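Numbering (the working numbering), first residue to last: 49 to 161.
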């Protein structure tokens, strides 16, 4: 008997199906959630949080994300994942169509640009 398994990735905010969905961890007051978002919706979330994250009195907590082994991407380091994926595939890098873009690929992309 043959089986075919189909995995559908869905944006938790909009319900949109996409192959460009990534999981992001959010921690507020010690309570955390993981949310699956398209790159576009993640960028919107970062834009909404930007005034709070960069307020004069805001202090970055070092190592909090690393403690769970999931360093969160910053707005500056995230870049355009779709463009990076396209560049990586054109330049012989092996990369998945979804999830986090490996740091080595991001670095190679940055050096090439």
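We put the CB at the ideal spot given by N, CA and C, even for glycine.
These figures come from a predicted structure and were not determined experimentally.
Per the Cβ contact rule, the region 127-146 is not in contact with the region 98-109 (fewer than 3 Cβ pairs under 8 Å). Secondary structure note for residue 83: its beta strand (DSSP E) is the uninterrupted segment 79-86.
Residue 85 holds the alpha-carbon nearest to the alpha-carbon of residue 58 among 76, 78, 85 and 72. C-alpha of residue 67 to C-alpha of residue 147: approximately 9 Å in a straight line.
In terms of Cβ geometry, residue 98 and residue 83 do not form a close pair [threshold 8 Å]. Beyond the five residues adjoining it in sequence on each side, residue 89 comes within less than 7 Å, by CB distance, of 59, 61 and 62 in the same chain, given in chain order.
Per DSSP, the beta-bridge partners of residue 72 are 83.
The beta-bridge partner set that DSSP reports for residue 65 consists of 58.
By the criterion of a C-beta distance shorter than 7 Å, residue 81 is surrounded in its chain by 74, once the five residues flanking it on both sides are discounted.
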